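616 is the number that the working numbering gives the last residue of the sequence shown; the numbers go up by one with no jumps.
Glycine included, C-beta positions come from ideal geometry on N, C-alpha and C.
The structure presented is a predicted model; accordingly, all values stated were derived computationally and were not measured.
Take a look at the structure set out below.
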Amino acid sequence: MPSAPTDPLSIARSLGPLVEQQAASAEQAGTLPQSLIDAFRGSGLFALQIPRSLGGFEADALTTLAVYEEVCRADGSAGWTLLANASTSAFATTYTSDDAVRTMFASGIPTHAGQFSPRGRAVATGDAYTVSGRYSFGSGSGHADWIGGGALEMVDGQPCMLAPGRPSIRVFFVPRDRVEFAGNWDVMDLVGTGSFDYVVAEQVVDAGFTFDLIGGQPQRGGPVYRLGVLGLALIGHSGFALGVGRRALDEVTVIARTKQRMGAASKIGDRERFQFELGRSDAALRSARAFAYDCFGEAQTELDRGDDLAPTTLLRLRQATTYATHVAVDATRFAYSFAGDRSNSHTERARTVLSRHPRGVATLGRR
C-alpha cells in the first residue's frame, strides 16, 4: 500500500476528490462538513502556515499559493475556508507571545478564524487590553478553536495614532467560548464557508494574545512571516482567484462539447465565437497565474536573502492579486454566460459545479 503524501501540495491533490464530493453538503449546511474538517486537520493542511517549530508545515509563499489554488479549484468554498483558517492560524501562532502560544497549543495544534477589520475597540489596561466588537465574515469560524478580531486602540476616547493617518489597529485572539455567534449566515456567495457574524463582549485580554496589525513582528518561524499579515493574506486571495477561475474554464469546456442552442446548427464548442472567447480567457488566466507566481517567488527570494521586503515588491503582490481577481471574474462570467441554464446527463455535474464558481469569485472581487 502506498504511503500517504507528506508534502502539502500532494496532500491537497489527494484530498481533491473528497473536497468535490462534499461541496454540495457544505453549501447546504452553510459550513464545511465534519468529514472535510477532519481531513484538513488530520492531513495538517489547517497548519499549512503555522511555524515548523510548532508542528506546522511553515510552507513558503509559492507552496502556499499552489495549495490554495489546488483546493479552490476543487471547490471555492472549501478552498476559501482552508485559506481563512490556515492564514489566521499563521497570524495567531507567529505574531503573539510565547505564553499565548503555549496556551493555544495546550490541547494540540489549534485552528483559528476571525475578521481583522477594525470593527472593535481596545483599551490598554496595564499588561492587558479591554476589547470588544461586532464582526462579520468570520470564515471558518464554525469549527475554529480560537477567534480573532481587529480593534482600534483607544486612548482617552480617541484612536491612538502611530503616525498621521495611521491609527493603531490591534488584533486579538480569544477562545471560542468567549464569543457569541449570531448564526445568521444566509447568503448567495461562498455559502459553504461558514462566515458567521459574531460578537466579542467586553473582556480583558492579556497583551501577549494581541499584536499590531501593520507593524507586528514575527516572534518565531522563518523568512516567509516577514511578509506581514497583509502580505500573507494576499497569497490566499491570489490562490482563490486562480483556482476558481481555472475550474470555471474547465467546466464550460465540458459543457460546450454537448450543448447546442435552440435553432443552432452546431454545438457551442464548435462555434468560432466560443473558441475565441475561451482562448482569450485561458491566455489571460495563464498570464495572471505566471505573474502571481513570479511576484510571490520574487518576494520569497528577497526574504530568504535576509532582506526586508521592498515596498515595490509588496505593491507588486497587491497588483498581481488584484489582476488575478479581475481576470478570474471575467473568466467565470464568460463561462457562465455560455453555459446557460439547461442541463443533460452529460453536463449536469459540470453545470452544478460551475454555478457555484462565478458567485464565489465575484464575492472576492467585492471584498
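Here's the rule I'm using: 16 or more other beta-carbon atoms within 10 Å means buried, otherwise exposed. How should residue i be labelled?
i	result
phenylalanine 489	buried
threonine 255	exposed
serine 536	exposed
glutamine 271	buried
proline 413	exposed
valine 453	exposed
proline 560	exposed
serine 586	exposed
glycine 555	exposed
proline 266	exposed
glutamate 429	exposed
valine 404	exposed
glutamine 277	exposed
threonine 581	buried
glycine 382	buried
arginine 506	exposed
serine 263	exposed
Quick check on residue i: does DSSP put it in helix, strand or coil?
i	result
glutamate 318	helix
tryptophan 395	strand
tyrosine 447	strand
arginine 419	strand
arginine 496	helix
serine 592	Summary for serine 592: the model assigns pLDDT 46, below 50, so the residue's position carries little reliability; its value from the coordinates is reported in the next sentence. Three-state DSSP puts serine 592 in coil, outside helix and strand.
proline 408	strand
proline 413	coil
glutamine 509	coil
serine 388	coil
glycine 478	Before going on, a small fix: residue 478 reads as valine here, not glycine. In this structure, valine 478 counts as helix in the three-state DSSP scheme.
alanine 537	helix
leucine 267	helix
glycine 563	Residue 563 is actually leucine in this sequence, not glycine. Reduced to three states, the DSSP call for leucine 563 is helix.
arginine 469	coil
threonine 570	helix
serine 366	strand
alanine 431	coil
leucine 491	helix
aspartate 256	coil
Output needed for residue i: all residues of its chain with C-beta closer than 6 Å, excluding positions within five of it in sequence on either side, in chain order.
i	result
threonine 442	Ser326, Trp329, Thr330, Ser388
serine 417	Glu402, Cys409, Leu411
leucine 303	Thr342
alanine 533	Val576
serine 259	none
alanine 261	Val316, Glu319, Val320
serine 292	Ile260
arginine 475	Leu552
glutamine 509	Lys516
arginine 538	Leu491
leucine 332	Tyr317, Gly485
Can you find the residues in the same chain that come closer than 8 Å, C-beta to C-beta, to residue i, ignoring five residues on each side of it along the sequence?
i	result
threonine 360	Arg290, Phe295, Asn334, Ser338, Gly389, His392, Ala393, Asp394, Trp395
serine 336	Gln298, Leu481, Ala482, Ile484, Gly485
alanine 308	Pro257, Leu297, Gln298, Val316, Val473
Enumerate in chain order the residues of its own chain whose CB-to-CB distance from residue i is below 7 Å, with the five nearest sequence positions on each side excluded.
i	result
glutamate 547	Thr562
glycine 457	Thr345, Ser346, Asp348, Ala349
histidine 595	Residue placement at histidine 595 is poorly supported in this model, since its pLDDT is 43, which falls under 50; the coordinates are not used for a value here.
tryptophan 434	Gly279, Gly443, Ser444, Phe445
cysteine 544	Arg565, Leu566, Ala569
arginine 469	Pro300, Ser302, Thr343
I'd like to confirm something about residue i: is its beta-carbon nearer than 7 Å to some heavy atom of the ligand FMN, or not?
i	result
serine 586	Summarising the ligand content, the structure contains no ligands, and the ligand FMN is consequently not present.
- prompt: How about the region 350 to 361 and the region 370 to 380: do they share at least three Cβ pairs that are nearer than 8 Å?
  reply: Not touching, per the Cβ criterion.
- prompt: For the region 354 to 366 against the region 310 to 320, are there 3 or more C-beta pairs whose distance is under 8 Å?
  reply: Segments in contact, no.
- request: Give a yes or no on contact between the region 514 to 531 and the region 440 to 459, applying the rule of three or more CB pairs nearer than 8 Å.
  value: The answer is no - the region 440 to 459 does not touch the region 514 to 531, with fewer than three Cβ pairs under 8 Å.
- prompt: Considering only residues of the region 282 to 359, which uninterrupted alpha helix (DSSP H) runs meet the minimum length of 4 residues and lie entirely inside it, listed in chain order?
  reply: Positions of the alpha helix (DSSP H) runs, each at least 4 residues long and wholly inside the region 282 to 359, are given as 283 to 292, 310 to 323, 325 to 343, 347 to 353 in order along the chain.
query: Looking at C-beta atoms only, is the number of pairs between the region 415 to 430 and the region 454 to 466 that lie closer than 8 Å three or more?
result: Result yes; three or more Cβ-Cβ pairs closer than 8 Å.
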